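Shown next, in structure tokens, is the structure this report addresses.
Numbering (the numbering used here), first residue to last: 45 to 184.
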């Protein structure tokens, strides 16, 4: 079970996302704005962030960068109605790990979420393996 933060100003979209994610057994923290999202990310353990950047003012991609700076290993999915190549390219180059275009297939959306969480778990495991723990003269 993962904890997922969703950022979207559309309450109906928030309901849909929460329903899909909760059905899969995840905890969901829905928020309507970037400022609240940043507070949540600084005070809570969040495994995945899903953002609709077009609903964020002044700049949703700037918010994506701020989220990425807080934790470069946390997966970030952009969920947007904008499907033009330039927008997708910018989002992926700036901070996003995945870009899903609305309207979306619920089944494929869930698959994207699970893929992002799976990769994040592998990265966490690798980071843990790469760390040495030392206590006095003993090093693990």
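From the three backbone atoms N, C-alpha and C, an ideal C-beta is built for every residue, glycine too. Please read these numbers as outputs of a predicted model, since none were measured by experiment.
Since residue 142 is in the alpha helix (DSSP H), which residue starts that stretch and which ends it? For the purposes of this step, residue 142 is taken as residue 98 along the chain shown, with counting starting at 1. No alpha helix (DSSP H) contains residue 142, which is instead part of the beta strand (DSSP E) from 142-145.
Name the one or two DSSP bridge partners that residue 75 has. Within the chain shown, the letter at position 31 stands for residue 75. Residue 75 is bridged by DSSP to 51.
In this structure, does DSSP put residue 122 in helix, strand or coil? Counted from its first residue, the chain shown places residue 122 at position 78. Of the three classes helix, strand and coil, the one that applies to residue 122 here is strand, per DSSP.
Compute the distance between the beta-carbons of residue 110 and residue 78, then report whether it is under 9 Å. Position 66 of the chain shown, counted from the first residue, corresponds to residue 110. Position 34 of the chain shown, counted from the first residue, corresponds to residue 78. Yes, the pair counts as a contact, with Cβ atoms nearer than the cut-off.
In three-state terms, what does DSSP make of residue 92? Counted from its first residue, the chain shown places residue 92 at position 48. It is a strand residue.
For a test of the three-state rule: what should DSSP assign to residue 98, helix, strand or coil? Within the chain shown, numbered from 1, the residue matching residue 98 stands at position 54. Residue 98: helix per DSSP, three-state reduction.
Less than 6 Å between C-beta atoms, sequence neighbours within five positions excluded: which residues of the same chain meet that for residue 74? Numbered from 1 along the chain shown, position 30 holds the residue referred to as residue 74. Counting only Cβ-Cβ distances below 6 Å, and skipping sequence neighbours, we find 50, 58 and 62.
Separation of residue 161 from residue 104, as counted between CA atoms: Reading the chain shown from its first residue, position 60 is the one you call residue 104. Reading the chain shown from its first residue, position 117 is the one you call residue 161. Near 22 Å, if we compare the C-alpha coordinates of residue 161 and residue 104.
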